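Student: Dumping the structure here so I can ask a few things about it.
Numbering (the UniProt record's numbering), first residue to last: 1 to 338.
Pasting the structure below:
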């Protein structure tokens, strides 16, 4: 590993201590290449200066990350690239990207520690059906915002493996992207031949690339955003496991079968929320459908998605603090999405 003076180099024993030996009760969820755990750095551990207990997230890479069949020189490829990416001056201050405290690169455990006390991963929260309409739309706005930020860097980035299991939410429902196993561009450079062997989670992969091959492009991230958008508004979610490809459990197939021009795919339960406006339902559905177009040239750029989302009626009402039907209050922070 390169030297990163601002980060703590943890041992495998440290990570076990933070997570109670990776206890199942601390498991948040699976990622494509490992697992996410809740952790706590106690003020008596001595590994980091803290006046009180500090809640963190610990991500470890497991045997699934060995699918590359890397040799000994490259076995830490993903963690090296993630640390390099998240500590870069142009990246590390973005509010929707996780903040690194440190990392561990031992043979027994490869992992990173994030400065984040998470509510949960988006996948689990969608399954619990606890998000209001305004929260769902703001999550989409924030995701579009951080992807637009990455796509418009001087040297643009592609994330590629974007899915609900790779997005964490804090207790204010702000998103944090937390998996960069297939990231390319920017300071990372072109995606390696080794990583091209990896399959993007089924249901989120760009169907044009899957069918035609060629080079990944920003439109591939737009497609994944569209799948997540349509899942959030219809209360559907697809896991990382490989499901049968049926119209009902693959979101973009289901949406194309259900969609008619000017219609809304918003679930009926969300239409009862005080923040919901009928025009928003059809508008955001149309945005999602454009994102999942088969040909990348027919998909909008991320900046155009962002502008359409900002024009929704729900964001014109962000000063309204009336509780919604789920007895919650919500604040929309436009700065979080830009």
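Glycine included, C-beta positions come from ideal geometry on N, C-alpha and C. Given the structure is predicted, the values throughout are model-derived calculations rather than measurements.
Taking residue 207 and residue 186 to be in contact with their CB atoms under 8 Å, please state how far apart those CB atoms are, rounded to whole angstroms.
Tutor: That belief does not hold up - the Cβ atoms of residue 207 and residue 186 are roughly 25 Å apart, past 8 Å.
Student: Would you kindly work out how many angstroms separate the C-alpha atoms of residue 268 and residue 80, rounded to a whole number?
Tutor: 45 Å
Student: So, with DSSP's three-state summary, where would you put residue 282?
Tutor: helix
Student: Quick one: residues in its chain with C-beta nearer than 8 Å to the C-beta of residue 297, no 5 flanking neighbours on either side, listed in chain order?
Tutor: So the qualifying residues of the chain are 219.
Student: Are the Cβ atoms of residue 21 and residue 108 separated by less than 8 Å?
Tutor: no
Student: Count the other CB atoms, across all protein chains shown, that sit within 10 Å of the CB of residue 271; report buried if there are 16 or more and exposed otherwise.
Tutor: exposed
Student: Are three or more beta carbon pairs between the segment 25 to 43 and the segment 115 to 128 nearer than 8 Å?
Tutor: yes
Student: Using the C-alpha atoms, what's the distance from residue 295 back to residue 212?
Tutor: 10 Å
Student: What residue range is occupied by the uninterrupted beta strand (DSSP E) comprising residue 58?
Tutor: 54 to 61
Student: Excluding five sequence neighbours on each side, which residues of the same chain lie with their C-beta closer than 8 Å to the C-beta of residue 339?
Tutor: There is simply no residue 339 to check, as the chain begins at 1 and stops at 338 in what is shown.
Student: First and last residue of the beta strand (DSSP E) that includes residue 41?
Tutor: 34 to 41
Student: Are the Cβ atoms of residue 200 and residue 255 separated by less than 8 Å?
Tutor: no
Student: Would you say residue 113 faces chain B, with C-beta separation under 8 Å as the test?
Tutor: Looking at the structure shown, chain B is missing, and only one protein chain is on hand.
Student: If we ignore side chains and look at the alpha-carbon of each, how far apart do residue 300 and residue 308 end up?
Tutor: Whole-angstrom Cα-Cα distance: 10 Å.
Student: With 16 as the cutoff for other CB atoms within 10 Å, does residue 171 come out buried or exposed?
Tutor: By the neighbour-count criterion, in which a residue is buried when 16 or more other Cβ atoms sit within 10 angstroms of its Cβ, residue 171 is exposed.
Student: Whose C-alpha, out of 139, 147, 146, 164, is nearest the C-alpha of residue 124?
Tutor: 164
Student: Identify every run of the beta strand (DSSP E) within the segment 129 to 214, keeping only runs that are complete inside it and at least 3 residues long; order them along the chain.
Tutor: Listed in chain order, the complete beta strand (DSSP E) runs (minimum 3 residues) inside the segment 129 to 214 are 167 to 169, 175 to 177.
Student: Flag this pair as touching only if the segment 144 to 151 and the segment 88 to 102 have three or more C-beta atom pairs under 8 Å; answer yes or no.
Tutor: Because the criterion of three Cβ pairs below 8 Å is met, the segment 144 to 151 and the segment 88 to 102 touch.
Student: With a threshold of 16 other CB atoms inside 10 Å of the CB of residue 27, please say whether the residue is buried or exposed.
Tutor: exposed
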